[in-house]
RNA sequence: CGGGGUGUAGCGUAGCCUGGUAUCGCGCCACAUUUGGGAUGUGGAGGUCGUAGGUUCGAAUCCUGCCACCCCGACCA
């Protein structure tokens, strides 16, 4: 495998792109800005989906599916929503092609123009709230707790595999509630689920917070988010949960009758995470050897590599390999025996390191004789010789350790990269030289936030939840401030 | 969309300035020897040189348009 090697420390985005391709996660398609998620990458996404889906269902949500197309007029019903998305919508104007008799080419049939254009969904609030109108009459119909797994399209100017693609996969939850309190509780509950998933499953520490007005979702009263910190010191928004107030209920005239027989608008939330999480996963743990996957998401958790020279050895070794395979599989571990005989063990080691398989077990004739196995962990590259008899209790434990270790490593990195600053010089110095989050006072105005963005390219990632209150002065204007917020340069 | 760069076999590339039908490595196929950290030998297959035009006896090479990707901006829940 003669792949181009790009060092993480020298060219982070080159390294990232290279890794996505070399580890067989995804590739560019023939369509501008759109990617093909390859089987190995999709397997990781499926594991993410399964974990999230289980958590959604445990908290009472059901899956449903709404159309890909949204009538154009729906978008204009909620003013800030259309402002937020208008510039990046794909529009369907015709429904038929025909053969041009003059050129012999396939052309759009001008006679097949749609009365009303259809928008390819960039998000589904409008079509869903238009539907909820018919579903909700009484307080007895509430809450409605629905999630959909879908693809959406946002016509971004510049794309990057997984992080920002024109079409991407995601889930979007859309809930309807009788009271604001209940909707807010839902918004926060989903934020907690995202944070828990990111930390426990992805092993990516996140900061929970609320967005400033500038960064808020188009149509929301409050946007909560989880923010991760990537290895190059840039922040990545990994998930959002919005309290939509009654904006969409009013726009789509969704009312319910209370127990007291009064008519009220419904309260709404929406929340989502996307295939961008794949980007977060890659950029949180991986190194120059390739991907590093947390055991909880690795499609292959343990790979067994048999080593043999002669035919007689092959049988002996394979017999053990198969036995270990069966033993681990019985424990619910995802395990694979790589018995390809046209490549050397060294080649396979490198390949599974590239693919981020957490644990590698090698068995050769020597091991068979000694009753041992050679175990290598991907995260530390540490190798050890274990008694084969210990396999069944040591390997599950090792997988847990690896999961813990890569989380801790990412957490340590983040802790080292949150810099509290009090002056503008310190602010710029932290961004340029230390990288990561900058915790500083801000006077709370959108104008100041804009100005800071202009001067430093940093945006407010969030105002952390349970943020300690302290008096201070805005790092730019010197105006009084009650709390610090987190700034960073972000993806 | 602006500035810069790139596009040659599955991958990575040489050739381009100075036009004459494409180089090398990896991978692939066959056989043999191999296999405890990216094996070796021998033989073989694989190319509309991103794309569409133009100049020319002749274009990967020169000219023009277009497309895609990368980097920096602008843009971006």
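Numbering (our numbering), first residue to last: 60 to 550. Where a beta carbon is used, it is the ideal one built from N, C-alpha and C, also for glycine.
Along the segment 218–287, the beta strand (DSSP E) occurs as fully enclosed runs of 3 or more residues at 226–236 and 266–269, listed in sequence order.
In the DSSP secondary-structure assignment, residue 365 is bridged to 422. Take the alpha-carbon of residue 378 and the one of residue 67: they are about 40 Å apart. DSSP places residue 376 outside any beta strand (DSSP E); the residue lies instead in the alpha helix (DSSP H), whose first and last residues are 370–389. In the three-state reduction of the DSSP assignment, residue 120 falls in the coil class, being assigned neither a helical nor a strand state. Between the C-alpha atoms of residue 245 and residue 204 there is a straight-line separation of about 9 Å. In the DSSP assignment, residue 547 falls within the unbroken beta strand (DSSP E) covering 539–547. The beta carbon of residue 459 sits closer than 8 Å to the beta carbons of 354 from its chain, once the five residues preceding and following it are set aside; these are given in chain order.
Per the coordinates, the alpha-carbon of residue 85 lies some 35 Å from the alpha-carbon of residue 158.
Here residue 523 is bridged, per DSSP, to 268. The Cβ-Cβ distance between residue 266 and residue 286 falls below 9 Å.
In this structure, the alpha-carbon of residue 503 lies about 50 Å from that of residue 393.
Contact check for residue 478 against residue 485 passes: the beta carbons are separated by less than 9 Å.
Between the segment 218–225 and the segment 190–204 there are fewer than three C-beta pairs closer than 8 Å, too few to call the two in contact.
Distance from the CA of residue 111 to the CA of residue 254, rounded to the nearest whole angstrom, comes to 11 Å.
In terms of Cβ geometry, residue 380 and residue 365 form a close pair [threshold 9 Å]. By the Cβ neighbour-count rule, residue 456 is exposed, with fewer than 16 other Cβ atoms within 10 Å of its own. Under the DSSP assignment, residue 299 falls in the beta strand (DSSP E) whose first and last residues are 294–304. As a beta-bridge residue in DSSP terms, residue 496 pairs with 477.
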